[in-house]
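Asker: Those sequence lines, one after another, are chains A and B. Using the numbering used here, read the first sequence as starting at 594 and increasing by one per residue. Using the numbering used here, read the second sequence as starting at 594 and increasing by one per residue.
Protein chains: 2
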Amino acid sequence: MTSGTMINQNKVDWLKSKIRDIPDFPKKGIVFKDLTTLLNDHEAFNFVVEALTENARGLKPDYIAGIEARGFILAPAVAHKLGIGFIPIRKPGKLPHTVEKISYDLEYGSNTLEIHVDAAEKGKRVLIIDDLLATGGTAHAACQLVEKIGAKVAGMSFLVELDFLSGRNNLPKGVEIFSIIHY
Amino acid sequence: MTSGTMINQNKVDWLKSKIRDIPDFPKKGIVFKDLTTLLNDHEAFNFVVEALTENARGLKPDYIAGIEARGFILAPAVAHKLGIGFIPIRKPGKLPHTVEKISYDLEYGSNTLEIHVDAAEKGKRVLIIDDLLATGGTAHAACQLVEKIGAKVAGMSFLVELDFLSGRNNLPKGVEIFSIIHY
């Protein structure tokens with residue numbers, strides 16, 4: 594599902610103009626979308642936080658979760674604007690209390706993510722925000738973690754979605770997906 | 594130097610009650626201050642962002658920098674509230690464009706941090722925000738990085754400062770240091 598907030602195409606083009614293409618990063622043949630230039634631009638950064646917040650309101654989350662490390666940049670700002678708590682989803686060994694964990698395959702090797710078991714009460718609605726939806730492996734793992742602790746995924750929001758990787762097809766059916774910028 | 598914003602002691606005690614002590618993490622004998630329980634609490638989290646923002650206003654920063662990973666949680670929220678841009682200071686190999694880097698010693702081994710060379714224009718004021726000031730090694734490295742790209746450190750702000758580690762003595766003289774909670 595695609596959720597409701599529509600972003601004007603002129604605004605999307607303007608945001609895209611703030612993103613820097615880095616050829617051959619992290620390896621040859623890949624054009625990396627460098628979002629740091631957008632975050633550095635106060636008007637673009639503010640627009641993105643407002644758009645994510647506006648969309649989040651409609652999903653009525655109890656918490657916003659962010660995925661380490663770049664998801665930490667946007668998710669807490671939205672949580673603060675909504676006046677709700679923030680949940681970090683982290684790499685292994687970083688969260689000090691009892692965790693649920695999940696491992697998932699990457700193109701080469703695998704990754705593990707963890708969440709504190711008491712990060713949200715049973716049945717609470719958690720909106721997951723990350724900077725980029727690529728193949729969807731990380732996003733899917735984050736959804737599973739939220740469900741493992743007994744909470745509900747209120748939706749997933751991204752600054753950028755790489756449509757040509759079809760990552761949203763790897764996310765659980767019925768989850769509301771919102772991306773500001775599509776490539 | 595200690596900067597001006599004063600936090601009421603009752604509020605500090607209330608914030609401390611939201612922080613969870615984890616004995617023997619990451620290793621035996623260390624009591625880890627788990628801030629995730631504070632971030633999870635919407636009132637405490639909001640209070641912290643407001644306090645950091647209030648203090649930041651007096652320092653007149655052009656940008657807010659955050660240090661990967663936990664500094665990413667608070668710094669961008671403050672940048673958004675002030676309507677200014679965000680600068681990520683990251684672990685090696687994560688920033689895709691040309692970087693300045695710095696290595697510094699830890700108790701065991703060493704760490705490296707990087708910043709994009711064009712993250713701030715020459716002479717611009719950068720406020721560095723991190724979650725915790727411990728021995729000051731990371732914070733000092735972040736100051737040096739900001740100066741390496743020709744910008745000025747407008748100050749450093751922390752959610753928690755571990756006074757017994759005297760980390761502020763390792764920061765450049767004259768830098769305004771603000772910590773909400775002291776242990």
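We put the beta carbon where it would ideally sit given N, CA and C, even for glycine.
(1) Write down the C-beta distance between Ile-708/B and Ile-677/B rounded to the nearest angstrom, noting that I regard them as a contact closer than 8 Å.
(2) So if I threshold CB-CB distances at 9 Å, which residues from the segment 681–708 of chain A count as touching chain B?
(3) With a cut-off of 8 Å, do at least 3 Cβ pairs link the segment 684–696 of chain A to the segment 618–635 of chain B?
(4) What residue from Cys-736/B, Asn-601/B, Ala-744/B, Ser-772/B has the CA that sits closest to His-763/B's CA?
(5) What residues from the segment 636–647 of chain A come within 7 Å of chain B, judged by C-beta to C-beta, listed N to C?
(6) Please state whether the Cβ-Cβ distance between Ala-644/B and Ile-612/B is less than 8 Å.
(7) Does any residue of chain B bring its CB to less than 8 Å from the CB of Thr-598/A?
(8) Tell me which same chain residues have a C-beta within less than 8 Å of the C-beta of Thr-598/B, skipping the five on either side of it?
(9) What does Ile-677/B reach in chain A if we use C-beta pairs closer than 8 Å?
(10) If you reduce the DSSP assignment to three classes, tell me which class Pro-669/A lands in.
(11) Taking C-alpha atoms, which residue in Ile-742/B, His-635/B, Ile-773/B, Gly-622/B lies nearest to Ala-752/B?
(12) Could one say the Cβ of Leu-632/A lies closer than 8 Å to chain B's Cβ atoms, at least one of them?
(13) Report the three-state DSSP secondary structure of His-733/A (helix, strand or coil).
(14) Using a Cβ cut-off of 8 Å, pull out every chain A residue sitting near Phe-751/B, in sequence order please.
(15) Answer yes or no: do Ile-682/A and Gly-659/A have a C-beta to C-beta separation smaller than 8 Å?
(16) How is Ser-759/B classed by DSSP in three states: helix, strand or coil?
(17) Who are the neighbours of Glu-661/A on chain B, taking C-beta pairs under 8 Å?
(18) Comparing the C-beta of Val-756/A with each C-beta of chain B, is any distance below 8 Å?
(19) Grab me the residues of Lys-674/B's own chain with a C-beta within less than 6 Å of its C-beta, minus the 5 sequence neighbours each way, in chain order.
(20) Let me know the secondary structure DSSP gives Phe-751/A once reduced to three states.
(21) Consider the Cβ of Pro-669/B: report whether some Cβ of chain A lies at a distance smaller than 8 Å.
(22) Are any of the Cβ atoms in chain A nearer than 8 Å to that of Thr-629/B?
(23) Does any C-beta atom of chain B lie closer than 8 Å to the C-beta of Arg-538/A?
(24) Could you work out which residues of chain A lie near Arg-613/B, taking near to mean beta carbons separated by less than 9 Å?
(25) Does DSSP classify Val-559/B as helix, strand or coil?
(26) Can you tell me whether Lys-717/B is buried or exposed? The criterion is at least 16 other CB atoms within 10 Å of its CB, across all chains shown.
(27) Alpha carbon to alpha carbon, how far is Asp-698/A from Glu-636/B?
(28) DSSP three-state label for Leu-726/B, please.
(29) Using the Cα positions of Asp-606/B and Ala-670/A, report the straight-line distance between them to the nearest angstrom.
(30) Phe-771/B touches chain A at which residues, Cβ-Cβ below 7 Å?
(31) Report the rounded CA-to-CA distance for Ala-732/A versus Phe-640/A, giving the unit in angstroms.
(32) Output, in chain order, the set of chain A residues within a Cβ distance shorter than 8 Å of Ile-666/B.
(33) Taking Cβ positions only, does Ala-672/B come closer than 8 Å to chain A?
(34) Using a Cβ-Cβ cut-off of 8 Å, state whether Ala-744/A counts as contacting chain B.
(35) Return the Cβ separation of Gly-760/A and Gly-729/A in integer angstroms, given the expectation that the two are a contact with Cβ distance under 8 Å.
(36) What do you get for Val-603/B, buried or exposed, if any count of 16 or more other CB atoms within 10 angstroms of its CB means buried?
Answerer: Looking at the atomic coordinates:
(1) No, Ile-708/B and Ile-677/B are not in contact; Cβ-Cβ is about 17 Å, not under 8 Å.
(2) With the criterion set as a beta carbon lying under 9 Å from some beta carbon of chain B, the members of the segment 681–708 of chain A are Pro-681, Arg-683, Lys-684, Gly-686, Lys-687, Leu-688, Pro-689, His-690, in sequence order.
(3) Taking 8 Å as the limit for Cβ pairs, the verdict is that the segment 618–635 of chain B does touch the segment 684–696 of chain A.
(4) It is Asn, not His, that sits at residue 763/B in the sequence shown. Nearest C-alpha to Asn-763/B: Cys-736/B.
(5) Those residues of the segment 636–647 of chain A that come within reach of chain B (Cβ to Cβ, closer than 7 Å) are Phe-638, Asn-639, Val-642.
(6) Between Ala-644/B and Ile-612/B, the gap from beta carbon to beta carbon reaches 8 Å or more.
(7) No, Thr-598/A does not count as interfacial toward chain B.
(8) Here the set comprises Ala-644, Glu-647, Asn-648, Gly-651, Phe-771.
(9) Among the residues of chain A, those whose CB is under 8 Å from the CB of Ile-677/B are His-635, following chain order.
(10) In this structure, Pro-669/A counts as helix in the three-state DSSP scheme.
(11) Looking at the sequence itself, residue 752/B is Leu, so the reference to Ala does not match. If we check each option's Cα against that of Leu-752/B, Ile-773/B comes out closest.
(12) With 8 Å as the cut-off, Leu-632/A counts as an interface residue toward chain B.
(13) Here His-733/A sits in helix by DSSP.
(14) Going along chain A, no residue has its Cβ under 8 Å from Phe-751/B, so there is no contact; the nearest lies around 16 Å.
(15) Going by C-beta atoms, Ile-682/A is nearer than 8 Å to Gly-659/A.
(16) In this structure, Ser-759/B counts as coil in the three-state DSSP scheme.
(17) At a C-beta separation below 8 Å, Glu-661/A has these neighbours in chain B: Ala-662.
(18) In the sequence as presented, Val is not what sits at residue 756/A; that position holds Asp. Closer than 8 Å: no.
(19) Here the set comprises Thr-646.
(20) It is a strand residue.
(21) Chain A contact via Cβ: present.
(22) Yes, Thr-629/B lies at the interface with chain A (some Cβ there is under 8 Å from its Cβ).
(23) What is shown of chain A runs 594 to 776, which leaves residue 538/A out entirely.
(24) Residues of chain A with a Cβ closer than 9 Å to the Cβ of Arg-613/B are, in chain order, Pro-689, His-690.
(25) As shown, chain B starts at 594 and ends at 776. That puts residue 559/B outside it, with no answer to give.
(26) Its Cβ being crowded by 16 or more others within 10 Å, Lys-717/B is buried.
(27) Rounded to the nearest angstrom, the two C-alpha atoms are 37 Å apart.
(28) Secondary structure of Leu-726/B (DSSP, three-state): strand.
(29) If you draw a straight line from the Cα of Asp-606/B to the Cα of Ala-670/A, it is about 24 Å long.
(30) Within 7 Å Cβ-Cβ: nothing; Phe-771/B doesn't reach chain A, min ~18 Å.
(31) Taking the CA atoms as reference points, Ala-732/A sits about 23 Å from Phe-640/A.
(32) Residues of chain A whose Cβ lies closer than 8 Å to the Cβ of Ile-666/B are, in chain order, Gly-659, Phe-665, Pro-669, Phe-679, Pro-681.
(33) Closer than 8 Å: yes.
(34) Not closer than 8 Å to any Cβ of chain B, the Cβ of Ala-744/A fails to qualify, so no.
(35) Indeed they touch by this definition, with Cβ atoms about 3 Å apart.
(36) The sequence shown places Asn at residue 603/B, not Val. Answer is exposed; the Cβ neighbour count stays below 16.
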